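Since the structure comes first, as structure tokens, the remarks are kept for the end.
2 protein chains.
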Amino acid sequence: MAVHQFGFVERVDTLEMAEEGATFLLNSPYGPEEVWDKIPRSLQQQIIDKKIKFFVIDAYKVAKEVQLGARINTIMQTGFFALSGVLPEDEAIAKIKEYIRKTYGKRGEAIVRMNFAAVDAALSHMFEVEVPAEATSTIEQPPVVPAEAPDFVQNVTAEIMAGRGDLLPVSALPDDGTYPTGTTQWEKRNIALDIPVWETDLCIQCGKCVNVCPHSVIRAKVVPEDALAGAPETFKYADARWREFPDQQYVLQVAPEDCTACKLCVEVCPAKDKSNVSRKALNMASQIPIREQECENWDFFLNLPEVPRYGTGDGGAALKFNKVKNVQLLQPLFEFSGACAGCGETPYIRTMTQLFGDRALIANATGCSSIYGGNLPTTPYTVDANGRGPTWSNSLFEDNAEFGLGMRLAIDKQMEYAQELVGRLRDRLGHAFAGEILMADQSDEAGIAAQRERVAKLKEMLKDDTDLEARDLVALADVLVHKSVWIVGGDGWAYDIGYGGLDHVLASGRNVNVLVLDTEVYSNTGGQASKATGLGAVAKFAAGGKPTPKKDLGLLAMGYGYVYVAQIAMGSNDNQTIKAILEAESYDGPSLIIAYSHCIAHGIDIAKGLDQQDRAVKSGHWPLYRYDPRRKKEGKNPFQIDSKAPSLPLKEYIYNENRYRILQRMKPEAAAEFLKEAERLIAAKWKLYTQMAQDDSDAAAKSNGKPGPKKKPALPGAKGDGAAATPVGATPAAPPPASKPIAKGKGKLPPGFG
Amino acid sequence: MAVHQFGFVERVDTLEMAEEGATFLLNSPYGPEEVWDKIPRSLQQQIIDKKIKFFVIDAYKVAKEVQLGARINTIMQTGFFALSGVLPEDEAIAKIKEYIRKTYGKRGEAIVRMNFAAVDAALSHMFEVEVPAEATSTIEQPPVVPAEAPDFVQNVTAEIMAGRGDLLPVSALPDDGTYPTGTTQWEKRNIALDIPVWETDLCIQCGKCVNVCPHSVIRAKVVPEDALAGAPETFKYADARWREFPDQQYVLQVAPEDCTACKLCVEVCPAKDKSNVSRKALNMASQIPIREQECENWDFFLNLPEVPRYGTGDGGAALKFNKVKNVQLLQPLFEFSGACAGCGETPYIRTMTQLFGDRALIANATGCSSIYGGNLPTTPYTVDANGRGPTWSNSLFEDNAEFGLGMRLAIDKQMEYAQELVGRLRDRLGHAFAGEILMADQSDEAGIAAQRERVAKLKEMLKDDTDLEARDLVALADVLVHKSVWIVGGDGWAYDIGYGGLDHVLASGRNVNVLVLDTEVYSNTGGQASKATGLGAVAKFAAGGKPTPKKDLGLLAMGYGYVYVAQIAMGSNDNQTIKAILEAESYDGPSLIIAYSHCIAHGIDIAKGLDQQDRAVKSGHWPLYRYDPRRKKEGKNPFQIDSKAPSLPLKEYIYNENRYRILQRMKPEAAAEFLKEAERLIAAKWKLYTQMAQDDSDAAAKSNGKPGPKKKPALPGAKGDGAAATPVGATPAAPPPASKPIAKGKGKLPPGFG
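If you read the sequences in order, they're chains A and B. According to this note's numbering, the stretch in the first sequence is residues 5 to 758, in order. According to this note's numbering, the stretch in the second sequence is residues 5 to 758, in order.
Right, here's the structure in full:
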């Protein structure tokens, strides 16, 4: 029996199935002398009772020594074969090395040699533990979830987590398939050996670490000093550097048991100690020694007040959530997902939930995001203190855009009926109040909060009303508060399998927000080429390098002229990312955001994921831009490029990734041809984009100077956005559908309303 | 019992279910005095035996008188109600008129009044027939199909045609679902009251009538004079006006029983009698009087020799099938379909089968073309004298492009294996002969014919060889002759339901030809809006006029840079149509042809369908163009516009169609806004297209002047097609996949081939 993660023995009955006299190999940070006291008492007892031979190996230490990072598979495999006696040791070692060459040969001789070294080092680091006669540990295996977890989590989620899901009666499961959210918080995985530790003196409070954290485990708040009364001894804070929050304290806290040690936060941290540049405002440190204290700090942090989402800070100025520094202070409603350590997708989702999570509906395409987004038994989507959070569902790979459009249509229809009922019941509600509800400006957080209050009041007024229309209105009233519909998926969905539907939904003109997490490959199914895969990248179905270039999804969408389109890369410009997400959501029509998402499938050092994003942009492979149809009404060119002209040689981007490097190694001539062609294509694309951004802004201004007549039935988009406002490279601008229910902003009263 | 088509009584046992004393109303061109002798003896006997009351009405005559054209439904309905006594006559008439107003009200008061007139006229044109005591007719109900029809047609097809399909045993049906083609020829429908008659003296032999005929019922041949020996007395011909065929005769013949009387041929005929401009080289004449003679002529015509598809005409010059005048002489392998009279789609399909039908595989999307393309029991696809013709199948609405790609991949794989076998068996075949097979130039008809001969020879050489590889090669050898893969469907498929797959297949770079029959609406399912529907057109789901403009499918496809794209409209430029079809097929990569197809769903006078196509082009709604990636290698701009700048006011195109006119009538202000916006969009599109066609030809020429190195593994498309060759408005050009089996043109010998 081999246990590859020490954390497992703390939580799982790992030896349950072991026979008497079995051999037990544990990957342990504790040596043979120390380990006995670090394992739970129940495990000790089993080892004694079953007369188990107990070995330890510090595989992570070995891996580090032979430069394999955190890759322990070869080491544990070697130990396992050495102990199991399945083959004679020499033969086993020879076979393992043969397999290493076969598996890693393509990745180069260095990788092969590192793994050979790991094999050799493994045996000298494996030790037998002398098993005492008595179980003396003071450590007890904790309950699967703590006592404060809600009933459903105790009774259902925890049972599935413990591997006893098959023992649950069907009646224990939700009968309509709706699962409670916010359950990843009960699943403390403890998979990080090291976690980031904050240095208050160096921190400039920029929030970049919070912004990039794929698992939402590093968080910030600004709180009044008196909120810190009773803080644990090791709890850290610093004077907050916000004009809007004078005399308050800035708190940055890591969830130690949820961190995955990806190091993105440390890599992105711009604050260095001038006297010791290897020391930053965040540095990795061993988790185990500080786990207990940081758990306590995390709990304290969670109970601190959130910053107000609207209105004024203490200093009197309103805090705008339009840049990283401020957005970091918003509660994420997506946390502790099962995504890979260092995932390049999840930070975009988290940002979206910080901004709109309390009113979001999410249709999720099949792919990584549907796995980490709703991976039974737990879900990372969660709720705020008021119980509001994203509603999430996954339909099929091929129909996600349609699925999300359905959410939009359902809400619109419900809203239409609710508005009609408010009109009909205006005598009961009072004309002024009913008018306020119907005319509510919900274009910002304050407006939404005010509408929520109105809806609460309306429900209260009608709560005892037995009239059928009043009952209907009470049931529907929540829909009178603006909802934000998001359609989320990867490139396999958006460029390939779901593209037909995506195109149809964008063409529909409806107010939906599409977020494409573009890893340029089918990440979740194992690395097949998609139409988003770049020219010459090696992927499954493109073993000789993909022979066709990346499809320009954004350009296709811009062709409609009434779709908001943005291409973003957090690692290149995080404030542009936030700007695009805000603009997309505020646009009362279809929006498409294409987000560069670095991925382990690229064959990169994941800790450098953000740097690689930046290279993608600097090389011209991934220009940042925003296309906002609203700008036409202001006489402006709708298309804006947000990144500079290509300045980094393309090879310094692509050959930083194994998916490109592998071809360079195996077929250097083909790789060189691909590189040349890709460079040519980048130059052509940059030329096209700059033409689009410059070409016709004056014409647009000209024709927009004299808007057409505005009588009904006017076409919303047809207000004099002149022909030439069309970007070169796109079909002409066109209006979204003329008749839609009031979604946001100022409403209008129904005819005859008094 | 009412029979609305006289032809039915000649072929169907219409009174089989009639009870004794029933009333029988027949739409008959023969009056009460004449009709008795014109119906089959068996029908007479039934009328007598069952004591049936027999009434006739010449509904077509009535319809013509009240200007309803061939629309007899109101007339027959009136007669039926008057005779049936379901309601008192006055009340029935009132109800019918009420219903007319409800049904046709939207189409305008004139239509309503015509129908009222039809009701009033119906009763005065209905007569009872005095039934004689004896059946005296010399007419016998003919067999369902003639005796010369093949066995399968006799035993299966004819049974289904006769309405006895449910009596067939399962064992009678093809066990793999493969049906013989060429079966519509046995289904003589006789639905035309009038058919075109040829005036040899006026005819200029342009072939436009043959080209536009939706049912391939008007055909031409050029034959040596001696072939006409034994021609029926009324058989017409004239001196052929072809340089390549001196001293030969031109024959134009109509299939009288298959014609649908759509009149497209007469309308398109450019040759007028100067002394009587209403007389053209084709004029409609009553079918019945000339049916018998023309049937005889048609049979004679069919047996005349076809023109040679390659090599020289008698005059020594090769006939090129690159314009209407010559293509008219090729045998259509698509004939007598069940498409609507005057269909705007089928002429494109017929042209394709004339050019490539003997080697075509067709994947057909669900829609009109799948219905008339494979409507059990008969299929309009047929074979030439050598038994070669299109292979046709229909999968689903949503996967047709993928279905067709599968045909391509299967052929490519089979060809690869066949080529490999030729290489392996070269000692048996002879190195020179094997080399000829592998290196065959199949880029024209002569090359294909030569390869067919080689394949026949190869099969003959190996026919007794029991070696397994030889058996495999004999089984596969036909695939060594070039096959032409066509993916056919309507706009509902291409723009909407199948768009995701279409995009994927185009992006694949594979050699498939996509033909989109664009009626701008879901014609077959009853007129729902598709993304191809124009701005402001009224359709199902767009009752207030479609609020978004037509999607520019061609522009999206051009974005790939390696897809051949053409937009065509036969009614505007029939030679450009042929040029585009030829270019698309000859391009060794994906091709997309978007064909304007007028349709009854547009609410037009269908006889004027071609004129309406011309209006679509002249107004700028439907620019004609071709985008040929091959031109880049010649330093030319790949994009060419084939139509002139918009010259016709848009309203003279759109308001010629009821789908636009209807909104003008119901919501004139909205219609006016739509018109204005549509005009703006047309101007913008024309500007964009002209920019694309002009902008960068010099840059393209520049960079193509210095092609890159051509070593292997060179990218086929990457030979110096400069960045700026990319049309403005499209993503940069890109190469098709590098590795493909040899499909056409010069092959290459496998390595080590002696």
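Beta carbons are placed, not taken as given, at the ideal position from N, Cα and C, and that holds for glycine. Source: prediction; values computed, not measured.
What's the gap between the Cα of A:Asp482 and the Cα of A:Ser220? 29 Å
Within the 9 Å Cβ cut-off, does A:Pro627 reach chain B? By this cut-off, A:Pro627 is not an interface position.
Show which residues of chain B have a CB atom less than 8 Å away from the CB atom of A:His508. Asp500, Tyr503 and Lys535
Less than 9 Å between the beta carbons of A:Gly538 and A:Leu667, yes or no? For the pair A:Gly538 and A:Leu667, the CB atoms are not nearer than the 9 Å cut-off.
Using a beta-carbon distance below 9 Å, is A:Phe10 in contact with chain B? No, no contact with chain B.
To which residues does DSSP link A:Glu138 through a beta bridge? Answer is none; A:Glu138 lacks a bridge partner.
In three-state DSSP terms, what is A:Ile195? coil
List the residues that DSSP assigns as beta-bridge partners of A:Tyr600. A:Asp522
Neighbourhood of B:Glu20 by C-beta distance below 7 Å, restricted to the same chain and skipping five residues each side: So the list is empty, once near-sequence residues are dropped.
Minimum Cβ-Cβ distance from B:Ala511 to chain A less than 9 Å: yes
By the three-class DSSP mapping on this structure, what secondary structure does B:Tyr566 have? B:Tyr566 falls in the coil class under three-state DSSP.
Locate the alpha helix (DSSP H) running through A:Thr78, then write down its first and last residues. Asn77 to Ser88 is the span of the alpha helix (DSSP H), which, as asked, contains A:Thr78.
Leaving out the 5 sequence neighbours to the left and right, which residues in its chain are closer than 6 Å to B:Arg295 when beta-carbon positions are compared? Pro260
Given that a residue counts as buried once 16 or more other Cβ atoms are within 10 Å of its Cβ, and exposed if not, what is A:Asp53? exposed
When Cβ atoms are compared, which residues of the region 558-574 of chain A fall closer than 7 Å to chain B? Leu559, Leu560 and Gly563
In chain order, which continuous runs of the beta strand (DSSP E) of length 3 or greater are located wholly inside the region 34-73 of chain B? 57-61
Residues of chain B with a CB under 7 Å from the CB of A:Lys284: which are they? Under the 7 Å cutoff, chain B gives no residues; its nearest Cβ is about 41 Å from A:Lys284.
Could you pull the DSSP bridge partners for A:Val226 from this structure? A:Tyr254
Alpha carbon to alpha carbon, how far is B:Gln291 from B:Asp262? Answer to the nearest angstrom: the Cα atoms are 11 Å apart.
Bounding residues of the alpha helix (DSSP H) (the contiguous stretch that carries B:Lys554): Element bounds for B:Lys554: n/a, residue is neither H nor E.
Between B:Trp190 and the rest of its own chain, which residues show a CB-CB distance below 6 Å, the 5 nearest in sequence each way excluded? Val149, Ala153 and Val157
Just the Cα atoms here: how many angstroms apart are A:Tyr376 and B:Ser590? So the alpha carbons of these two residues sit roughly 48 Å apart.
From the DSSP output, read off the bridge partner residues of A:Met288. According to DSSP, residue pairing for A:Met288 in a beta bridge involves A:Pro200.
Please give me, in chain order, every unbroken run of the beta strand (DSSP E) with length at least 3 that falls completely inside the region 277-359 of chain B. 280-284 and 286-290
In or out: A:Gln71 buried (at least 16 other Cβ within 10 Å) or exposed? exposed
Once the 5 residues before and after B:Met288 are set aside, which same chain residues still bring their CB inside 8 Å of it? Asp198, Ile199, Pro200, Val201, Ala265, Lys267 and Val270
Under 8 Å (Cβ pairs) to chain A, residues found in the region 524-553 of chain B: Per Cβ criterion, the list reads Lys535, Leu539, Gly548, Pro551, Thr552 and Pro553.
Which same chain residues end up closer than 8 Å to B:Leu654 when comparing Cβ atoms and leaving out the 5 residues on each side of it in sequence? Ser623, Gly624, His625, Leu679, Ala682, Glu683 and Ile686
Would you kindly report the start and end of the unbroken beta strand (DSSP E) that includes A:Glu132? Met130 to Val133 is the span of the beta strand (DSSP E), which, as asked, contains A:Glu132.
Burial state of A:Glu23, where buried means 16 or more other Cβ atoms lie within 10 Å: So A:Glu23 ends up on the exposed side.
On the DSSP bridge list, what partners appear for A:Gly493? Paired residues: A:Val520.
Other residues of its chain near A:Ala67: CB distance less than 8 Å, five sequence neighbours each side excluded: These residues qualify, in order along the chain: Gly73, Ala74, Arg75, Ile76, Ile79 and Ala122.
Output yes or no for whether 9 Å exceeds the beta carbon distance between A:Gly408 and A:Val489. Between A:Gly408 and A:Val489, the C-beta gap is smaller than 9 Å, which places the two residues in contact.
Inter-residue Cα distance where the pair is A:Asp448 and B:Ile658: 44 Å
Sheet register partners of A:Tyr385 (DSSP bridge): A:Phe338
Give me the Cα-Cα distance between A:Thr492 and A:Tyr526, rounded to the nearest whole angstrom. In the sequence as presented, Thr is not what sits at residue 492 of chain A; that position holds Val. For A:Val492 and A:Tyr526, the distance between alpha carbons rounds to 15 Å.
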